[in-house]
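Q: One structure, pasted below without further comment.
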Amino acid sequence: MSTHQEETKAAYDGVVDLYASMFSGQLEARPFARNMIGTFAELVRGTGNLRVADVGCGPGHLTAMLHDSGLDAFGLDLSPAMVDHARRAHPALRFDEARMEALPVEDGALGGVLAHYSMIHTPPVELPALLAEQVRVLAPGGLLLVSLFGTEGPEPVRFDHKVTPAYSWPADRFAELLGRAGLVTFARLLHDPATERGFLDTHLLARRP
């Protein structure tokens, strides 16, 4: 495990209860993100492969949302404390500790992967390997929904996230990375920020051919 992963793991282990209280109901006030996840779920159902991983699941609220949408959803997270919280909050669902670049999932098994602001702490140089791992576990026709902080500049920007350092990305640059990983980005949504940081909220929906 790299240094930044150790730091991220420790940081999230230390804020589990606060994080869960802040974000578990957050989508109620974020209609764009909520509806993008709903669209993702509908499209995954259309593939016939209902198995979906919520990578970087945190307290498990989005895993439960996917489950309630009719998907066979399970959650994975780097933080063991987050996984423990998710298991307690959603005892009927499966949650496991895992790194996003080493998923405990067989090749081509999933109809979808949700990465809701869970790639933001990964340094740009490490993102290609991380994205390649998401492609590995997706079946042909499988879908990846990535949500992240967006910037209008030409390059990713490192910033001091409230939990641990993170990166914002130009949507075009991130879509290029998805393409190089073997995915086709077919929908994107950018909208004004929901936070005081001023970054655009960015959602990219891609398919494995």
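To get the numbering used here, take the position in the sequence shown, counting from 1, and add 64.
Heads up, the beta-carbon is just placed ideally off N, CA and C, and yes, glycines get one too.
Being a predicted model, the structure only gives us computed values, none of them experimental.
So, V119 versus M164, is the Cβ gap smaller than 7 Å?
A: Yes, the pair counts as a contact, with Cβ atoms nearer than the cut-off.
Q: Do the region 129 to 143 and the region 155 to 175 touch if we need at least three Cβ pairs shorter than 8 Å?
A: Because the criterion of three Cβ pairs below 8 Å is met, the region 129 to 143 and the region 155 to 175 touch.
Q: Which of helix, strand or coil does DSSP assign to H185?
A: The answer is coil: DSSP assigns H185 none of H, G, I, E or B.
Q: Can you say whether P220 is buried or exposed, counting buried as having 16 or more other CB atoms within 10 angstroms of its CB?
A: Buried, because 16 or more other Cβ atoms sit within 10 Å of the Cβ of P220.
Q: Taking its Cβ as the centre, do 16 or more other Cβ atoms sit within 10 Å of A105, making it buried, or is it exposed?
A: The residue is buried, with at least 16 neighbouring Cβ atoms inside 10 Å.
Q: For D236 and T103, what's the separation of their Cα atoms in angstroms?
A: The straight-line gap from Cα to Cα measures roughly 21 Å.
Q: At which residues does the beta strand (DSSP E) containing T266 begin and terminate?
A: Taken as a continuous stretch (DSSP letters only), the beta strand (DSSP E) holding T266 covers L264 to R271.
Q: Can you name the start and end residues of the alpha helix (DSSP H) that D236 belongs to?
A: That run of the alpha helix (DSSP H) goes A235 to R244.
Q: The beta strand (DSSP E) spanning R252 covers which residue range?
A: R252 -> beta strand (DSSP E) spans V248 to H255.
Q: Measure the beta-carbon distance from L253 to M100 and round it to whole angstroms, keeping in mind my assumption that it falls under 8 Å.
A: With 8 Å as the limit, L253 and M100 qualify as a contact, their Cβ atoms being about 6 Å apart.
Q: With the cut-off set at 7 Å, would you say D275 and R200 are in Cβ contact?
A: Only positions 65 to 273 of the chain appear in this structure, which leaves residue 275 out of reach.
Q: Cutting at 6 Å between CB atoms, please list the residues of its own chain near G246, excluding the five before and the five after it.
A: Excluding sequence neighbours, G246 sits near V199.
Q: Which two residues bound the contiguous beta strand (DSSP E) that contains D171?
A: Segment: none, D171 is in no beta strand (DSSP E) and carries neither H nor E.
Q: Which word fits P95, buried or exposed, when buried means at least 16 other C-beta atoms lie within 10 angstroms of its C-beta?
A: Flag for P95 reads exposed.
Q: Nearest to D141 by alpha carbon, out of L174, G112, N113 and L178?
A: That would be L178, whose Cα lies nearest to the Cα of D141.
Q: So for P95, helix, strand or coil by DSSP?
A: P95: helix per DSSP, three-state reduction.
Q: Quick check: the Cα distance between P192 and V147, rounded to an integer number of angstroms?
A: The alpha-carbon atoms of P192 and V147 are separated by roughly 25 Å.
Q: Report buried or exposed for A166, applying the criterion of at least 16 other Cβ atoms within 10 angstroms of its Cβ.
A: Exposed: under 16 other Cβ atoms inside 10 Å.
Q: Give a yes or no on whether the C-beta atoms belonging to S211 and H180 are separated by under 7 Å.
A: Result yes, Cβ atoms of S211 and H180 sit closer than 7 Å.
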